[in-house]
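For the sequence shown, the residue numbers in our numbering are 378 to 1042.
Quick reminder that beta carbons are idealized off the backbone N, C-alpha and C, glycines included.
Please read these numbers as outputs of a predicted model, since none were measured by experiment.
Following: one structure in structure tokens, then a few remarks.
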Amino acid sequence: MGFKLALKNARRQAGNYGIYFITVTMSVALIFAINNVICNRQLQIFADTVKELGQGLDMLIWFIALVMAFVLGYGTSFMLKLRKREFGTYMILGMKRKHVMKIFMLETLLLDGAALICGILLGLGVYQALMLIVCSLMEMPPMFSGYSKRAFLMTILMVAVIFILASLTSGAYLRKVTIRELLKGPEQKRKKPTAHPWLWAFLGLCSTGAVILSVLFFSREMDRWTTTVNRNASWIFILLALFGTGIFGFHLSLAKCLMYILMKNKKLCSRGTNTFLLRQLWSQLGTNALMAGLLSVLITFAVAGANVSFTQKTSAQAALDRTVPFDIVGCLDMSREYAYDFDAATSMIREEVPIKEMLDYNVYTDGTRPVTQAVGFTVAYDMSSPAWEEYGPPDYYISLSDFNRFARALGRDELPEDGRFYLVSDISLELELEDGLTLEKNGLTAEYGGFIDSFPRVAFVYYVVIVPDEMIRGMDIAYMYRCFTLEDGPFDAQALSQALTYTDENGTFGPEERCDYEIKDCIRMEDNSTSAMIVVTALYIAMIFIFMAMAILALKTLAGVNDDRRRYMALYRIGSGPKVLCQTLFRQILVFFFFPAILPLALSLVIAWMCEKMIRISGFPQLSGSLYVNGAVIALVILGIYVLYFSAAWQIGKRNVFSGEIHIS
378 MGFKLALKNA RRQAGNYGIY FITVTMSVAL IFAINNVICN RQLQIFADTV
428 KELGQGLDML IWFIALVMAF VLGYGTSFML KLRKREFGTY MILGMKRKHV
478 MKIFMLETLL LDGAALICGI LLGLGVYQAL MLIVCSLMEM PPMFSGYSKR
528 AFLMTILMVA VIFILASLTS GAYLRKVTIR ELLKGPEQKR KKPTAHPWLW
578 AFLGLCSTGA VILSVLFFSR EMDRWTTTVN RNASWIFILL ALFGTGIFGF
628 HLSLAKCLMY ILMKNKKLCS RGTNTFLLRQ LWSQLGTNAL MAGLLSVLIT
678 FAVAGANVSF TQKTSAQAAL DRTVPFDIVG CLDMSREYAY DFDAATSMIR
728 EEVPIKEMLD YNVYTDGTRP VTQAVGFTVA YDMSSPAWEE YGPPDYYISL
778 SDFNRFARAL GRDELPEDGR FYLVSDISLE LELEDGLTLE KNGLTAEYGG
828 FIDSFPRVAF VYYVVIVPDE MIRGMDIAYM YRCFTLEDGP FDAQALSQAL
878 TYTDENGTFG PEERCDYEIK DCIRMEDNST SAMIVVTALY IAMIFIFMAM
928 AILALKTLAG VNDDRRRYMA LYRIGSGPKV LCQTLFRQIL VFFFFPAILP
978 LALSLVIAWM CEKMIRISGF PQLSGSLYVN GAVIALVILG IYVLYFSAAW
1028 QIGKRNVFSG EIHIS
């Protein structure tokens, strides 16, 4: 009997359960897809780093499951309160409290079971879409990926845990609620709108200023990173905190004061049902202002996380071409012992793949640092400290002829033999040097010729001084380099890297694994696997949080549906027609629903601009255009999710508010 009644109620309440069903279905699809990504053996074989990142994802998805349990627990409580008069009637007619709880649990179980099936079916496609993204990011050929039994079982286990935790919330409510409380729900009054709206308006202006200042200072901080290598990341976190606080304060303040300010406009209030609408929104936004602020921050950082993850991938390939400009770059540190000299390594490489060309050059030092002192920065020490004199890094030099051979091999412009010295670096820096700066070596004087930044890496140091060949005489060799250009064709880069790796007993922190040869394909595979998992993780977190935010927002939209029914009935009885009532309710739900997205969607362009600036500062301006496309796509996806949940909230709200005397076609 209980099961039949639960099944009948579930069918009858299918419309009201739409938001809950969509949220559970989407969440199950994403969990099933990400579990399959983690369990994908082909992916783990292709890149070992995926396994390590997968372990982190295992913990992450369980944390996300707890968040989902909280949100869905709120959802079940909402559905319970929406029907509390019905359950109160059951208890008046003699049904015991435990039987009411059983019926509601069975209804929820039926709904969750249907959502689990639909979610897994949808997750089959979501998983293949994720794998296409992963294969594209890892430069693997597209393939149909098999599904994992372990992922299927993990998904069922997580949904079971979520169901149990969510059911505890509604069970606790039904155990303590009285019949009187169940029956008097529609007569409960809303909280009064907030006081001191003009004070909130002032706080809103301050919050807007905080957002603008955080963006401007963040931009300035990024510019400062181009002038020094002594970079303090703490400012970045402070500015991000200010940014989030400003967004929260803006929506909180706007929710508290906007409708009050609009109600002061007599011309606006005199039109149609605007006065009624503004009073509805003033009460609704005022009592949910805290939620609006929190959701706006959540959506903003979800947008930012997705944009930054794509930015990281966009810059990774270009950065690799700069830091490892040849197929293989060998570097022998003359101050340390090494296992494989260039001849031995060359023989090992030839066994794996034919070598097309080789380039040898040296980087020198004489232990002094006149250029570093003139430039005014160091990596680890303040130049004013005593440690600087003893431990500060010296200047490193390369002869003009060696540099020109290096540039020629890469198709870059060569420097003229004008007797000047130049600085070259693979990072983007803006150096301010005094005019007429000179360098004296071996009785020769060279004037400063300029700084070449964002150049393919010449040496594993921040910058190298390019000097005429005569100035190199008498200097010690600090590093020996051999660069290999390989013939086209596949080879096992990871196996070659492993063969060239050895144990250095005199490592910085004791024995350590060391390889003196950077293999571009090997680094690319590692970078691609890391980038793929970062992008997938960021997208997963962003989508889950946005779905959760939309679910909370939709449920909050419908939380006052009983009061709305009574108020719209009063409006109907004083002469407003069904069409006007329908338009008024539509505008009420639309404004409340899209209110937390005001800044997040507007800031999506600002976030894309900040990502573009990061790319440009890093020395890759040619890649900046794609970031705006990524930002627009992310904003459109979020807008699509918004429209999906808004449509569900609007249909449920219309069905519940206009039941009874008011008939809306």
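request  = Compute the Euclidean distance between the alpha carbons of G1008 and P867, then round it to the nearest angstrom.
outcome  = The sequence position of residue 1008 within the sequence shown is 631, counting from 1. The sequence position of residue 867 within the sequence shown is 490, counting from 1. Going by the C-alpha atoms only, they are around 36 Å apart.
L932: first and last residue of the uninterrupted alpha helix (DSSP H) it sits in: Position 555 of the sequence shown, counted from the first residue, corresponds to residue 932. Taken as a continuous stretch (DSSP letters only), the alpha helix (DSSP H) holding L932 covers 897-935.
Check: Near F540, which residues of its chain fall below 6 Å by C-beta distance, leaving aside the five closest residues on each side in sequence?
Finding: In the sequence shown, residue 540 corresponds to position 163, counting from 1. Cβ neighbours of F540 beyond the five flanking positions: D489.
So is S678 buried or exposed if we call it buried at 16+ other beta carbons inside 10 Å?
Stepping through the sequence shown from its first residue, residue 678 is reached at position 301. Looking at the sequence itself, residue 678 is Phe, so the reference to Ser does not match. F678 comes out buried.
Sort out for me which residues DSSP pairs G707 with in a bridge. Within the sequence shown, the letter at position 330 stands for residue 707. In DSSP, G707 forms a bridge with R859, Y894.
Report task. Give, in chain order, every unbroken run of the alpha helix (DSSP H) that is at least 4 residues long and sits entirely within the segment 619-691. Result -> 643-646, 651-664
Discussion item. Measuring only the C-alpha atoms, how far is G796 from V748?
Written reply: Sequence index remark: in the sequence shown, residue 796 carries index 419 (1-based). Sequence index remark: in the sequence shown, residue 748 carries index 371 (1-based). So the two alpha carbons sit approximately 16 Å from each other.
Handout entry: 8 Å contact criterion, which I408 and M508 should meet: CB distance rounded
Key = Taking the first residue of the sequence shown as 1, we reach residue 408 at position 31. Taking the first residue of the sequence shown as 1, we reach residue 508 at position 131. Between M508 and I408 the Cβ distance is about 16 Å, and since that is not below 8 Å, they are no contact.
Exercise for the section: Express the C-alpha separation of R462 and V427 in angstroms, rounding to a whole number. Expected result: For the purposes of this step, residue 427 is taken as the residue at position 50 of the sequence shown. For the purposes of this step, residue 462 is taken as the residue at position 85 of the sequence shown. Confidence at V427 is low in this model, with a pLDDT of 47, below 50, so its placement is unreliable and no value can be given for it.
*Alpha carbon to alpha carbon, how far is A1025 from V448?*
Along the sequence shown, one-based indexing puts residue 1025 at 648. Along the sequence shown, one-based indexing puts residue 448 at 71. Those two C-alpha atoms are separated by around 17 Å.
Q. Excluding the five sequence neighbours on either side, which residues of its own chain have a C-beta within less than 6 Å of the C-beta of M636, listed in chain order?
A. To locate residue 636, count along the sequence shown from 1; it is residue 259. Same-chain partners within the cutoff: L655, L658, W659.
Who does R879 pair with in a DSSP beta bridge?
The residue given as residue 879 occupies position 502 in the sequence shown. Looking at the sequence shown, residue 879 is not Arg but Tyr. In DSSP, Y879 forms a bridge with R891.
**Asked** Which residues share a DSSP beta bridge with T815?
**Response** Sequence index remark: in the sequence shown, residue 815 carries index 438 (1-based). Per DSSP, E824.
DSSP three-state call for M946: helix, strand or coil? Taking the sequence shown and counting its residues from 1, one reaches residue 946 at position 569. Three-state result, M946: helix.
- Opposing strand residues paired with S776 [DSSP bridges]: Counting from one through the sequence shown, the residue named residue 776 turns up at place 399. Its beta-bridge partners are V844.
Are the CB atoms of R834 and P702 nearer to each other than 8 Å?
Residue 834 sits at position 457 when you count from the first residue of the sequence shown. Residue 702 sits at position 325 when you count from the first residue of the sequence shown. Going by C-beta atoms, R834 is nearer than 8 Å to P702.
Exercise for the section: Indicate whether V670 and K633 have their beta-carbon atoms separated by less than 8 Å. Expected result: Taking the sequence shown and counting its residues from 1, one reaches residue 670 at position 293. Taking the sequence shown and counting its residues from 1, one reaches residue 633 at position 256. It should be pointed out that residue 670 corresponds to Gly in this sequence rather than to Val. No, the pair does not count as a contact, with Cβ atoms beyond the cut-off.
Check: For V801, which residues does DSSP report across the bridge?
Finding: Reading the sequence shown from its first residue, position 424 is the one you call residue 801. In DSSP, V801 forms a bridge with I829, V841.
On a Cα-Cα basis, can you pick out the residue from A410, C583, E889 that is closest to V511? Translated into the one-based positions of the sequence shown, residue 511 becomes position 134. Nearest option by C-alpha distance: A410.
Tell me the residue span of the beta strand (DSSP E) that contains Y467.
The count along the sequence shown starts at 1 and reaches residue 467 at position 90. Per DSSP, Y467 belongs to no beta strand (DSSP E); it is in the alpha helix (DSSP H), 461-469.
Taking the continuous beta strand (DSSP E) assigned at L736, which residues delimit it?
To locate residue 736, count along the sequence shown from 1; it is residue 359. L736 -> beta strand (DSSP E) spans 732-742.
Looking at the secondary structure, which residues open and close the alpha helix (DSSP H) in which S724 lies? Here residue 724 corresponds to residue number 347 of the sequence shown, with the count starting at 1. Residues 719-729.
Worksheet entry | Bounding residues of the alpha helix (DSSP H) (the contiguous stretch that carries L982) | Within the sequence shown, residue 982 is the residue found at index 605, counting from 1. Counting along the chain, the alpha helix (DSSP H) containing L982 begins and ends at 975-994.
Problem set entry | DSSP-derived helix/strand/coil call for D940 | What you label residue 940 is simply residue 563 of the sequence shown in a count that begins at 1. Helix at D940.
Would DSSP call I854 helix, strand or coil?
The count along the sequence shown starts at 1 and reaches residue 854 at position 477. In the structure shown, I854 sits in a strand (DSSP, three-state: E or B).
task = Report buried or exposed for P574, applying the criterion of at least 16 other Cβ atoms within 10 angstroms of its Cβ.
result = On the sequence shown, position 197 is the one that residue 574 refers to. It is buried - the Cβ of P574 has at least 16 other Cβ atoms within 10 Å.
Let me check understanding here. Comparing Cα to Cα, which of P771, M735, I929, A751 lies closest to G744? Here residue 744 refers to the residue found at position 367 when the sequence shown is read from its first residue. If we check each option's Cα against that of G744, P771 comes out closest.
Q) Got a sec, what are the start and stop residues for the alpha helix (DSSP H) L407 sits in? A) Reading the sequence shown from its first residue, position 30 is the one you call residue 407. That run of the alpha helix (DSSP H) goes 395-416.
Check each candidate in F828, S1003, S778, A876 and name the one with the smallest Cα separation from V752. Indexing the sequence shown from 1 puts residue 752 at position 375. Comparing Cα-Cα distances from V752 to each of F828, S1003, S778, A876, the minimum goes to F828.
- Query: Leaving out five residues before and five after R942 in sequence, what residues of the same chain have Cβ atoms less than 6 Å from its Cβ?
  - Reply: As a first step, residue 942 is located in the sequence shown; it is residue number 565 there, counting from the start. Once the five neighbours on either side are set aside, the close Cβ partners of R942 are V1034.
Task: Burial state of E714 (16 or more Cβ within 10 Å) - done: Taking the first residue of the sequence shown as 1, we reach residue 714 at position 337. Classification of E714: exposed, given that the 10 Å Cβ count is below 16.
Checklist entry - Straight-line CA distance for R859 to S802? => result Working through the sequence shown from its first residue, we reach residue 859 at position 482. Working through the sequence shown from its first residue, we reach residue 802 at position 425. Spanning the two alpha carbons is a distance of roughly 19 Å.
Where V740 and K818 are concerned, what is the direct C-alpha to C-alpha distance, given to the nearest angstrom? Taking the first residue of the sequence shown as position 1, residue 740 is located at position 363. Taking the first residue of the sequence shown as position 1, residue 818 is located at position 441. Going by the C-alpha atoms only, they are around 16 Å apart.
Measuring alpha carbon to alpha carbon, tell me which of R527, K990, L486 ends up nearest L542.
-> Taking the first residue of the sequence shown as position 1, residue 542 is located at position 165. It is L486 whose Cα lies nearest to the Cα of L542.
Local Cβ density within 10 Å of Q875, reported as buried at 16 or more and exposed below that: For the purposes of this step, residue 875 is taken as residue 498 along the sequence shown, with counting starting at 1. It is exposed - the Cβ of Q875 has fewer than 16 other Cβ atoms within 10 Å.
Check: In whole angstroms, what is the alpha-carbon distance linking D718 and E734?
Finding: The residue given as residue 718 occupies position 341 in the sequence shown. The residue given as residue 734 occupies position 357 in the sequence shown. Going from the Cα of D718 to the Cα of E734 covers about 18 Å.
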